[in-house]
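J.: End of the sequence shown = 639 in this note's numbering, gap-free, step of one.
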Amino acid sequence: MEINVYNNYPKEITFDYEKIINDISNYFQENEEISLILVDNEEIHNLNKQYRNVDRPTDVLSFPDDESENYLGDIFISIDKVISQANDYGHSLDREFAFLLVHGILHLKGYDHHTVEEEKEMFSKQEEILNALNYRRNLK
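1) By the DSSP assignment, the alpha helix (DSSP H) with residue 517 in it spans what residues?
2) Suppose you measure from the CA of residue 618 to the CA of residue 513; what does that come to, to the nearest Å?
3) Can you name the start and end residues of the beta strand (DSSP E) that residue 505 belongs to?
4) Taking just the CA atoms, how far does residue 595 sit from residue 602?
5) Between which two residues does the alpha helix (DSSP H) carrying residue 573 extend?
6) In the structure shown, what three-state DSSP assignment does residue 560 receive?
7) Please indicate yes or no: does the CB of residue 558 lie closer than 7 Å to some heavy atom of the ligand SAM?
8) In whole angstroms, what is the alpha-carbon distance linking residue 575 and residue 533?
9) Quick one: using the 10 Å Cβ neighbour count with 16 as the cut-off for buried, is residue 524 buried or exposed?
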């Protein structure tokens with residue numbers, strides 16, 4: 500998978516996000532492409548409000564592209580949320596970023612979590628991928 504990265508985050512990113520993107524890109528060996536846009540809470544808040552009518556920042560947003568066969572769509576990740584959620588959950592920044600990227604990719608590939616069955620399938624797939632790449636959950 501080809502992941503095109505656009506870093507719109509206004510501050511320095513203090514973890515090796517490029518390595519994580521490369522690891523995940525290599526895991527998905529299909530001839531597919533996505534765009535990954537790294538943003539702050541303000542930008543993702545505006546997107547969340549505009550496209551989902553939710554007036555707060557979120558961690559990840561996926562926008563599928565149904566027009567192209569190999570281009571799956573765009574993923575926006577809030578680096579501010581990566582940092583705060585890693586602290587909240589006791590994860591490394593690497594694990595939280597990898598989790599959000601895999602979550603976004605799975606959405607673009609048609610997975611969802613509207614029902615209990617869908618959530619179980621999607622979250623199981625997420626954990627399978629993250630464990631295979633050694634981005635494991637820290638157990639408290």
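Glycine is no exception: its CB is placed at the ideal position from the N, C-alpha and C atoms.
T.: On the basis of the supplied data:
1) 516–526
2) 31 Å
3) 501–506
4) 10 Å
5) No alpha helix (DSSP H) contains residue 573, which is instead part of the beta strand (DSSP E) from 570–577.
6) Residue state, collapsed to three classes: strand.
7) Although the ligand SAM was asked about, the structure shown includes no ligands whatsoever.
8) Each residue's Cα considered, the two are about 11 Å apart.
9) Around the beta carbon of residue 524, 16 or more other beta carbons sit within 10 angstroms, so the residue counts as buried.
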